[in-house]
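Those protein sequences? They're chains A and B, same order as listed. According to the numbering used here, the stretch in the first sequence is residues 1 to 459, in order. According to the numbering used here, the stretch in the second sequence is residues 1001 to 1252, in order. Read through the structure below, which is laid out as structure tokens, and then see the notes.
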Amino acid sequence: MAGTSEMIDLKSTPHSLVENFNLMKGLLATYGPDELQVLREKAFRNFTEFGIPTTKDEEFKYLSLRALEDGRFAPAYGATIDRFELEQSVLGPIDAINVVFINGEYAPELSSAHALPKGVFIGSLKDGFTVYEEVILEHLGKIANLTGKLGSTNDERFVYLNTAYLTDGAFVYLPKGVSLEQPIHLIYLSKADHGPLVSYPRTLIVLGENSDAKLLESYLGMDGVYFTNAVTEVVMGESAILEHTKFQQEKLESVHIAATSIHQSEDSIYTNNNINFGGHIARNDVNVWLDGEHTETWLNGASVGLGHQAIDNHTRIDHAKPNCNSFEVYKAILGDHALGVFNGKIFVYEDAQKTDAKQTNKAILLSPTATINTKPQLEIFADDVKCTHGATIGQLREDSMFYLQSRGIPKDEARGLLVYAFAAEVLEKVTIASAREVLENALFAKLKESQDMPEKGGE
Amino acid sequence: MLEIKNLHARVEDKEILRGINLTVNPGEVHAIMGPNGSGKSTLASVISGKSGYEVTEGSVELNGVDLLELAPEERAAAGVFLAFQYPVEIPGVTNTYFLRAALNNVRKHRGEAELSMTEFMKHIKSKVQMMDMDSSLLSRSVNEGFSGGEKKRNEIFQMAVLEPSLAILDETDSGLDIDALKVVSNGVNALRSPDRSVVVVTHYQRLLNYIVPDYVHVLMEGRIVKSGGKELALALEDKGYAFVEEELAAKA
Ligand SMILES: Nc1ncnc2c1ncn2[C@@H]1O[C@H](COP(=O)(O)OP(=O)(O)O)[C@@H](O)[C@H]1O
Ligand SMILES: [Mg+2]
């Protein structure tokens, strides 16, 4: 890859994302078992080998990462956020078992201690190592991994980057048969009040056979300019059920690049609700590997981009086994000069007969200067499958507008309501009531920032 | 009072309403009957302000207000309510939110104070009972996944909440079983009052057994060709629209 003029060659050009590693190497090595250092070194080599992607790279075709290239990000430093501040934040009303991180560092004082069923672990990776080292090492770095999988443009640079700096993060473990009633909330707060910083949140979620949980993963910006590079790995045991909602509300000056990788075993049911309102640049890769028959996968996405935000969602579902169903609905509302990208890959492997995969992508453009780039990518190597995809770039439906207006709701308000509803339909998939309400309020507040949105009255 | 004079309207190049004259006094219920495609829904749409129709001649006034000059929401505020033949589904907006937004806008227009959530819930409680509504429908998205009957019931429920001075019911009876028909009719009858006008559009007489009209009009090819009392509906049921056509032919 070296030699092309567009590439940012990290081997010859100094860059903070590389320099930090040399600075921190000694410190990183003190964290966790020795196996981690092996992972880090290898990932670092891979990252420096490939560098920061440019729009010449297929998987980053529409997303300019100039802000990353040009930025200087210091290693994450500590910041203070007190309980009151967290309670007053948009996340405050969510009632759950909280595990909180500030700039990537575990914040036990903000996290909640809970009596948990026997064998359940919900906390920091570091604490997790003391009880479940074997489980963690069995899965960490193995799920977020495309080696040997289909696809000619697989690009894992930001997973390498995260792994290179792997320190603390969240670990959730549910043993066989446990159904957790209370939702889990992993909260990654960023507060860059002393200059631009980079943090590398890492999350590992392991659900044993027949276990059942609801989990929220929130990224909330409190202050400053920063780069969040997150990786989340999810292991679904046989017949396990997980409702996994990611809520991304980073600061509008920040860069958020995250990968969520899921490994599903037989009969498991996995739902991912991917909600993005924040970030100057927000990129999500959601990769699902279906490694057992009769699984069900639901990928839901709702993004709102305004100003000059760029929100890029890449999803891939690897149907590697027969008789699996996947349903995907991604929606975006884009105003001002915002850019939206949706790339939805579905790979159906040779053996995966009776695959049923349905993908939908819808966007509403609030202004003529907003753009959406949509690319469904279906690669099917089995013959007895049902795969559909559809994309619409919409104006609001006229009959819906008339219906609302005919009941007395003024045109502007009707328009606002329908735009809100377009995304709210996705939020309805979140079944944690307090979280859904928070998301609805956040959506409402977000849309109010738009130049193109009328005030929505009545509240 | 609703006063329609010599109303002509077209869609694209096709003239659909061809000189409608109709006066509905407060307190009266008028039925408009006619074969499929005769222009009944078009008339309802033109009165309530749906776009896509061009009025080429004539006027529509409600209580002296020229409706044709107003946006649909202003017509609603002026007292017009249309129960849709095909109610629209609005995923993502709950019925309660929608209705409260509607009611508060209409109230604002009338110079009345907006209702808080608590006041609103109180306001609708009796209407929910009257319409025999499953109250879970209130927290669901507007019409989404409702059965045909539930949608129609929801229309009349909205009407009960908004208390319009002119209610137009477009084929509210279609797709209703007899029990639902009774509930819907009871709802409409409960709203009959000396200061409210009701126009019931249907092509079956059945509904008119429950909502007994003061006048019946036959609409054919964009014109009201015959008017009479409630017995006219029975005659139509008996002999079909053909007898009106024959009468017209004989006159010509
Ligand atoms: N939006 C439209 N575009 C084209 N033709 C229309 C439209 N609306 C109504 N029409 C036509 O106008 C005529 C009357 O329709 P409609 O008012 O729906 O009749 P009814 O309700 O009496 O069955 C029909 O021939 C119909 O096809
Ligand atoms: Mg009709």
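Just so you know, even glycine gets a beta-carbon here, dropped at the ideal spot from N, CA and C.
On the DSSP bridge list, what partners appear for residue i?
| i | result |
| --- | --- |
| M1121/B | None; M1121/B has no bridge partner. |
| S303/A | N276/A and A332/A |
| M1220/B | R1223/B |
| Y77/A | Answer by DSSP bridge pairing: none, since Y77/A is not bridged. |
| H1008/B | R1018/B and E1057/B |
| H194/A | None, per the DSSP bridge assignment. |
| I122/A | V172/A |
| Y188/A | F101/A and Y219/A |
| V1024/B | L1002/B |
Let me check understanding here. Comparing Cα to Cα, which of the options lies closest to residue i?
| i | options | result |
| --- | --- | --- |
| K386/A | N325/A, K375/A, G394/A and I432/A | N325/A |
| A464/A | V304/A, Q395/A, A424/A and D285/A | Outside the displayed span of chain A (1 to 459) sits residue 464/A, for which this structure offers no information. |
| D1177/B | R1192/B, K1152/B and E1163/B | K1152/B |
| K61/A | R283/A, D384/A, E49/A and M24/A | R283/A |
| E181/A | A433/A, Q405/A and F171/A | A433/A |
| L404/A | L1068/B, Q1158/B, K1230/B and S1147/B | Q1158/B |
| I136/A | K446/A, S218/A, F444/A and L204/A | L204/A |
| P1194/B | L1138/B, S1165/B and L1207/B | S1165/B |
| A391/A | G416/A, V329/A and A423/A | V329/A |
| V234/A | P322/A, G279/A, K446/A and A170/A | A170/A |
| E1003/B | M1033/B, G1175/B, E1012/B and L1043/B | L1043/B |
| V90/A | V438/A, K446/A and E449/A | V438/A |
| L366/A | D384/A, E350/A, D383/A and G394/A | G394/A |
| P368/A | A424/A, G307/A, L23/A and P53/A | G307/A |
| N323/A | L27/A, D312/A and D291/A | D291/A |
| I184/A | E398/A, S112/A and E87/A | S112/A |
| E1054/B | G1027/B, K1040/B and R1010/B | R1010/B |
| A320/A | D70/A, G92/A and H294/A | H294/A |
Can you tell me the Cα-Cα spacing of residue i and residue j, whole angstroms?
| i | j | result |
| --- | --- | --- |
| G340/A | E59/A | 14 Å |
| M1001/B | R436/A | 46 Å |
| N1154/B | V1184/B | 9 Å |
| V159/A | N229/A | 8 Å |
| S211/A | V172/A | 12 Å |
| K1251/B | F1084/B | 35 Å |
| G151/A | A302/A | 26 Å |
| I1090/B | K25/A | 55 Å |
| F101/A | T260/A | 18 Å |
| S1136/B | L220/A | 34 Å |
| V1060/B | V430/A | 47 Å |
| L174/A | G1079/B | 59 Å |
| L189/A | A76/A | 12 Å |
| L1007/B | L1022/B | 9 Å |
| D155/A | P376/A | 17 Å |
| Q353/A | V288/A | 18 Å |
| E1246/B | G1034/B | 15 Å |
| A1167/B | E428/A | 34 Å |
| R1018/B | I1224/B | 9 Å |
| R1196/B | H1123/B | 19 Å |
| P117/A | E217/A | 21 Å |
| T55/A | E413/A | 39 Å |
| N1104/B | L166/A | 54 Å |
| S16/A | D193/A | 18 Å |
| A164/A | P33/A | 15 Å |
| L299/A | D384/A | 23 Å |
| K1108/B | I1156/B | 22 Å |
| A43/A | L161/A | 7 Å |
| S1126/B | N1186/B | 13 Å |
Since I believe residue j is in contact with residue i (beta carbons under 8 Å), could you give me their beta-carbon distance rounded to a whole number of angstroms?
| i | j | result |
| --- | --- | --- |
| V505/A | L63/A | Residue 505/A lies beyond the residue range present for chain A, which begins at 1 and ends at 459; the question has no answer from this structure. |
| L1169/B | V1200/B | 5 Å |
| L334/A | I372/A | 6 Å |
| S406/A | L1207/B | Contact doesn't hold; Cβ gap of about 22 Å is too wide. |
| K411/A | K362/A | Between K362/A and K411/A the Cβ distance is about 22 Å, and since that is not below 8 Å, they are no contact. |
| N1095/B | L1138/B | 5 Å |
| S1045/B | M1220/B | Actually they are not in contact, since the Cβ atoms of S1045/B and M1220/B sit about 18 Å apart, beyond 8 Å. |
| G224/A | S265/A | Rounded, the Cβ-Cβ distance is 41 Å, inconsistent with contact. |
| L447/A | G416/A | 7 Å |
**OP:** Scan the segment 1061-1092 of chain B for residues whose Cβ lies nearer than 9 Å to a Cβ of chain C and list them as they occur along the chain.
**Re:** Protein chains A and B are contained in the structure displayed, whereas chain C is not.
Original post:
What are the complete beta strand (DSSP E) segments, minimum 3 residues, inside the segment 320-388 of chain A?
Top reply: Within the segment 320-388 of chain A, the runs of beta strand (DSSP E) that reach at least 3 residues and sit entirely inside it are, in chain order, 325-334, 339-348, 356-365 and 371-380.
Subject >> Every unbroken alpha helix (DSSP H) inside the segment 1043-1092 of chain B [4 residues or more] >> reply: The segment 1043-1092 of chain B contains these whole alpha helix (DSSP H) runs: 1072-1077.
**OP:** Please go through the segment 1174-1209 of chain B and give each complete alpha helix (DSSP H) segment of 4 or more residues, from N-terminal end onward.
**Re:** You should have 1178-1191.
Original post:
Which whole runs of the beta strand (DSSP E) in the segment 150-186 of chain A are 3 residues long or more, in chain order?
Top reply: Qualifying beta strand (DSSP E) stretches, in chain order: 170-174.
Subject >> Contiguous beta strand (DSSP E) assignments of at least 3 residues, all confined to the segment 198-264 of chain A >> reply: Taking only runs of at least 3 residues, the beta strand (DSSP E) segments lying wholly in the segment 198-264 of chain A are 202-207, 212-223, 226-236, 241-249 and 255-264.
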